[in-house]
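Just so we're on the same page, the numbering used here is the position in the sequence shown counted from 1, plus 142. C-beta: ideal position from N, C-alpha, C; glycine also. Because the structure is a prediction, the values reported are computed rather than measured.
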Amino acid sequence: MELREVIGKRRSIRFMLPYKPVEPEKIQRMLEAARIASHWGNVQSLRAVVVFKNTASPEVIEAITAPVAGFQIRIAPVVIVWYLETAAVDEQGDRLRELLKAGALGFGDDKEAALERQLIPFFSGIKEHLKAPGLSEMDCGQGIAQATLMAFEQGLGTCLLGGGNTEKMKRNLGLPDSTRILVLQTVGYPAESPDAGGQRPRQPFEKLFHMNGYGNPFPRCAEVVDELHADGMLQTPAPAPWREAELEFLRNALAIKGNGLI
């Protein structure tokens, strides 16, 4: 399957088969994809705790319950707790030296000396600033996105959810104080159609992207749009005519009470 088709058909899957376990090797492939994602300075601050619901302790399962869309946590067989390790910045010098040895940083005969004299002291001077929210979250997002694409490639469904009581979550998972929980990702085999009702609503292309300055919409070529539709990256807008019937079926089959929002 081509990448654009994977991107186009990957939807947030909220309804999963609670009785069908996810093979650990499939989760490993997701983590491998996250591990090799680009990260500034090769710091790799993205980390994860994978919670297999059938073997995790009651304390861990209770801690990862989210206040919104909690039914998704309840029915998903696996929940990945993605977090950021700010202490990874303390190893910045070693990571830069690794890049230099790998031929991915600097050039010339004096590059080793320049690294020790210029770059490493520069990053050391702003170390605490680099631990603050910002750039690291963006690069962690790249790793989570790659893991998500790997999940879809293996026939899995996922959905990203905001955490509930993150301090309780950190405590019950045994995470250090130097960490920040980023997002929870439910993982399982889809109980709903992979199309999930069709292409989700998105704001107009021209409103989001600009060329050579704000206020100049990036020109959207109709031929490119047609090409992406033909390749399956862009799909028929939601909702599909059968979507409400599917949702009602899933609500009854999975014993979801209320309106399914919490």
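Check: Distance, PHE347 Cα to PRO359 Cα; Outcome: 8 Å
Check: Cβ pair VAL220, VAL329 closer than 8 Å; Outcome: yes
Check: Delimiting residues of the alpha helix (DSSP H) encompassing VAL367; Outcome: 364-373
Check: Range of the contiguous alpha helix (DSSP H) that encloses VAL202; Outcome: 200-205
Check: Local conformation of ARG344 per DSSP, three classes; Outcome: coil
Check: VAL192 and ILE222 closer than 8 Å at C-beta; Outcome: yes
Check: Integer Cβ distance of LEU467 from ALA190, believed to fall under 8 Å; Outcome: No statement about residue 467 is possible, as the shown extent of the chain runs from 143 to 404 and does not include it.
Check: Best match in THR228, TRP224, LEU261 and PRO160 for proximity to LEU242 [C-alpha to C-alpha]; Outcome: LEU261
Check: Whether LEU298 touches GLN214 by CB criterion (8 Å); Outcome: no
Check: Three-way DSSP call (helix, strand, coil) for TRP384 in this model; Outcome: coil
Check: Rounded Cβ spacing between THR378 and GLY340 (contact assumed at less than 8 Å); Outcome: 5 Å
Check: Those runs of the beta strand (DSSP E) which lie wholly inside the stretch 230-279 and span at least 3 residues; Outcome: none
Check: For LEU403, three-class secondary structure by DSSP; Outcome: coil
Check: Distance CB(GLU386)-CB(ILE155) smaller than 8 Å; Outcome: no
Check: Nearest-angstrom Cα separation, counted from PHE391 out to ASP232; Outcome: 51 Å
Check: Buried versus exposed, by CB contacts within 10 Å (16 or more), CYS363; Outcome: exposed
Check: 8 Å contact criterion, which PHE264 and GLY183 should meet: CB distance rounded; Outcome: In fact, because the Cβ distance is near 11 Å, the residues do not count as touching under 8 Å.
Check: First and last residue of the uninterrupted beta strand (DSSP E) at GLY330; Outcome: 321-330
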